[in-house]
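A.B. asks:
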Amino acid sequence: MGWQTLGDSAWLFRTSGREVRANLQRVLRLAERLRAAAIDGVTDVVNSYDTVAVHTDPGNLTEVGRRVRELSTDDDGADRLQGRLIEIPVRYGGEDGPDLEEVAIRLGLSESQVVSLHSEAVFQVATLGFAPGFPYLLGLPEALQLGRKATPRMVLPGAVAIAGAQAGIYPCASPAGWWVLGRTDFVLFDGSRDVPGTLNPGDRVRFVPTREGLHFPKDVGIPENHRGEVEVLEAGPMTTIQSKAREGFRRWGVTPGGAADPVSMIAANAMVGNPGDAAVLEVTLSGPRLRFDRAAHVAWLGWRGGGKMVDVLAGEVLDLRSPLGSVRGVIAVSGGVQVPEFMGSRATDCRAGFGGFQGRRLMAGDRLGLGLDEARVPKPGGWRVGWPPLELPGGEVEVRVLRGVQAHEFDDSTRRTFLSKAFRVSGQSDRMGMRLEGPRLESAGREMVSQPVVAGSIQVPPDGHPIVLMPESQTLGGYPQVAHVISADLPRLARVWPGTVVHFREVELDEAILAWQELTGDLERLRLGLSFLMP
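Reading the sequence shown from the start, the letters are residues 8 to 542 in our numbering.
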């Protein structure tokens, strides 16, 4: 089927063959060629079972598209990619495999037959996604194929599971709709390594039954910085350290993440003389109360009455506990919040448990370091930054979208409903996804294998209620994508409150790219304007 755009920030190649393993071999070879080409502007190359996604940004999309289409997508007839054969010990059944008995009953097999079929198969790693190090495994025997569970629930790290024609291993505690047959202590991911994923697409996996106990490394945490220059007296409901996206690791299932509203992050940093990607505090609903042990320049956006820079003296307390104007706000401090870089970014990934401050939201008593405060900052005074505008509770927004890569899974009537009816932001929304309430969208209902997604992809799960994927979403998704929010509108969507009414308007790719150029131009004009206030 060739190349097509995936939103306005990626290109997607889909094979046209019907043989699953042949499709996988083809996309694995293409992914290798794309990585070897080292095309400027490409941030990652990710494959699924039958697709390859080349990630970039709207500013580079056109040129990257020209370059990828110059590469041959034909199979070169080289030897089949075998990969390494890796044996993984598994404790089946009991507390380790809570679904083994039900799976056996549903399939008309004994538990020992299920274990034998699962452990005698040789699986192939098709791709990594959903969570850091999570392998999607090809080769599940037909006799073990069973649709997903009706209701997802939490599973433990190391859960060995099956669903449909797929098998996998959960590297961390996670909600899951797959059937758990057993558990392993095999380490799937270690972000401190140069190659963080233990398994790679193309590797082969065999599960080996064992009765030995499982040994999981103790989480010793990251030592707190007791010499930090900022003490968190009260943290607020959800305050995290965020920075630039963690690019280049999608192929191992690591979400880029970063600031949910990068526009506000860049703007607030400009107000205190920081680089645009310096680490900031991202707050939700209401802010923190902070005590500064050293003088600093501080700016905040997202509050009523915000948008200003103040000088805070050593020993002073900054109280930002008042409710926000937008649902999210940003606090920037001169020098930037200093935490160790992890996989190229200081951003917190709460789901994976790394980055930021101990991989978690901030709590009272945490102490944060600050970088060197050497930059020139605008003179304090009566000036105020009123951009980006607040998204107040009870609002209504129009969001521009591009046609989804699986829009064909929805009939014309459903697509018209999506574009003509209003939706409302659900309270069950977070940095991973924004759930929408409103008319149900019916898809063809076909069981999908997981496919690449981008921030802004709008997936439709079986209940028919769309989910807009936000910056901390998974890297692959198993639900059809009816549309993609354009990159220029996604930061605004990150600022809206639950209850906000959302209307979608479909646009062409040219408008999406132009909107991105206008947004980056607005940021540059803000930086230029602030430069005139420098001493």
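Using N, Cα and C, we set each Cβ at its ideal position, and we do this for glycine too.
What are the uninterrupted segments assigned as alpha helix (DSSP H) that are 4 or more residues long and contained completely in the segment 17-65, given in chain order?
C.D. replies: Here the runs fully enclosed are 27-44.
A.B. asks: In chain order, what residues of the same chain lie with their CB nearer than 8 Å to the CB of residue 404, ignoring the 5 residues before and after it?
C.D. replies: So the list reads 398, 499, 500, 503, 507, 508, 509, 510, once near-sequence residues are dropped.
A.B. asks: So, are the CB atoms of residue 59 and residue 34 less than 9 Å apart?
C.D. replies: In contact: residue 59 and residue 34 (Cβ atoms closer than 9 Å).
A.B. asks: For the pair the segment 354-361 and the segment 309-316, tell me if three or more CB-CB distances fall below 8 Å.
C.D. replies: Because the criterion of three Cβ pairs below 8 Å is not met, the segment 354-361 and the segment 309-316 do not touch.
A.B. asks: Determine the direct distance from the alpha carbon of residue 346 to that of residue 379, and round the result to whole angstroms.
C.D. replies: In a straight line, the C-alpha of residue 379 is about 13 Å away from that of residue 346.
A.B. asks: Spatial neighbours of residue 276 within its chain, please: C-beta separation below 7 Å, excluding the five flanking residues on both sides.
C.D. replies: Counting only Cβ-Cβ distances below 7 Å, and skipping sequence neighbours, we find 282, 283, 285, 287, 339.
A.B. asks: Run through the DSSP bridge pairs and tell me what residue 10 is partnered with.
C.D. replies: Note: residue 10 sits in a beta bridge opposite 20.
A.B. asks: What would DSSP say about residue 197, mapped onto helix, strand or coil?
C.D. replies: In the structure shown, residue 197 sits in coil (DSSP, three-state: anything other than H, G, I, E or B).
A.B. asks: Report the residue ranges of all alpha helix (DSSP H) runs contained in full by the segment 216-283; include only those spanning at least 4 residues, in chain order.
C.D. replies: Those alpha helix (DSSP H) runs which fall completely within the segment 216-283 and span 4+ residues are 269-278.
A.B. asks: Could you check if residue 231 is buried or exposed, using at least 16 other CB atoms within 10 Å of its CB as the buried criterion?
C.D. replies: With a pLDDT of 46 at residue 231, under the threshold of 50, the modelled position of this residue cannot be trusted; read the value that follows with caution. Exposed, by the Cβ-count rule.
A.B. asks: Which residues in the same chain as residue 193 place their Cβ atom closer than 6 Å to its Cβ, once the five residues preceding and following it in sequence are excluded?
C.D. replies: Closer than 6 Å at Cβ, skipping near neighbours: 95.
A.B. asks: Let's test the definition: count the other Cβ atoms within 10 Å of the Cβ of residue 304 and tell me whether it reaches 16, buried, or not, exposed.
C.D. replies: With 16 or more other Cβ atoms within 10 Å, it is buried.
A.B. asks: For residue 100, which of 208, 89, 122 has the nearest alpha-carbon?
C.D. replies: Minimum Cα distance to residue 100 is reached at 122.
A.B. asks: By a C-beta neighbour count over all protein chains shown, 10 Å radius and 16 as the cutoff for buried, is residue 394 buried or exposed?
C.D. replies: By the neighbour-count rule (16 or more Cβ atoms within 10 Å), residue 394 is not buried but exposed.
A.B. asks: Can residue 415 and residue 445 be called in contact, C-beta distance under 9 Å?
C.D. replies: Not in contact: residue 415 and residue 445 (Cβ atoms no closer than 9 Å).
A.B. asks: Assuming contact is defined by CB atoms lying nearer than 9 Å, are residue 491 and residue 377 in contact in what I supplied?
C.D. replies: The answer is no: Cβ separation not under 9 Å.
A.B. asks: May I have the straight-line CA-CA distance separating residue 228 from residue 119, to the nearest angstrom?
C.D. replies: Only weak support exists for where residue 228 lies, its pLDDT of 46 falling under 50; the value from the coordinates is given anyway. The straight-line gap from Cα to Cα measures roughly 39 Å.
A.B. asks: Using alpha carbons as the reference points, say which of 521, 291, 51, 77 lies closest to residue 257.
C.D. replies: If we check each option's Cα against that of residue 257, 51 comes out closest.
A.B. asks: Among the residues of its own chain, which have a CB less than 8 Å from the CB of residue 457, if the five just before and after it don't count?
C.D. replies: Within the same chain, residue 457 has close Cβ partners 55, 56, 134, 136, 137, 143, 173, 483, 484, 485.
A.B. asks: Please say whether residue 384 and residue 272 have beta carbons closer to each other than 9 Å?
C.D. replies: Going by C-beta atoms, residue 272 is not nearer than 9 Å to residue 384.
A.B. asks: What residues match up with residue 491 in a beta bridge as DSSP calls it?
C.D. replies: Answer is 409, 464.
A.B. asks: Excluding the 5 residues flanking residue 164 on each side, which residues of the same chain have their C-beta closer than 8 Å to its C-beta?
C.D. replies: The residues are 177, 178, 179, 180, 223.
A.B. asks: Looking only at DSSP bridge pairs, what is residue 176 linked to?
C.D. replies: DSSP, once it has assigned bridges, lists 167 as partnering residue 176.
A.B. asks: Taking residue 330 as the reference, which of 368, 318, 297, 291 has the closest Cα?
C.D. replies: That would be 291, whose Cα lies nearest to the Cα of residue 330.
A.B. asks: Among residues of its own chain, excluding the 5 on either side of residue 233, which ones have a beta-carbon nearer than 8 Å to its beta-carbon?
C.D. replies: Because the pLDDT at residue 233 is just 42, under 50, the model does not fix this residue reliably, and the value given afterwards should be weighed accordingly. Contacts found: 374.
A.B. asks: Using only the alpha-carbon positions, how far apart do residue 214 and residue 117 sit?
C.D. replies: Computed Cα separation, rounded: 18 Å.
A.B. asks: Opposite residue 137 in the DSSP bridges: which residues?
C.D. replies: Paired residue(s): none; residue 137 is not in a bridge.
A.B. asks: Between residue 249 and residue 354, is the Cβ-Cβ spacing less than 9 Å?
C.D. replies: Yes, Cβ-Cβ distance for residue 249 and residue 354 is below 9 Å.
A.B. asks: For residue 441, does the count of other Cβ atoms within 10 angstroms reach 16, so buried, or fall short, so exposed?
C.D. replies: That one is buried.
A.B. asks: Could you check where the beta strand (DSSP E) with residue 537 kicks off and where it finishes?
C.D. replies: Note, residue 537: premise wrong, no beta strand (DSSP E); alpha helix (DSSP H) at 516-538.
A.B. asks: Could you spell out the range, first to last residue, of the alpha helix (DSSP H) harbouring residue 421?
C.D. replies: That run of the alpha helix (DSSP H) goes 419-427.
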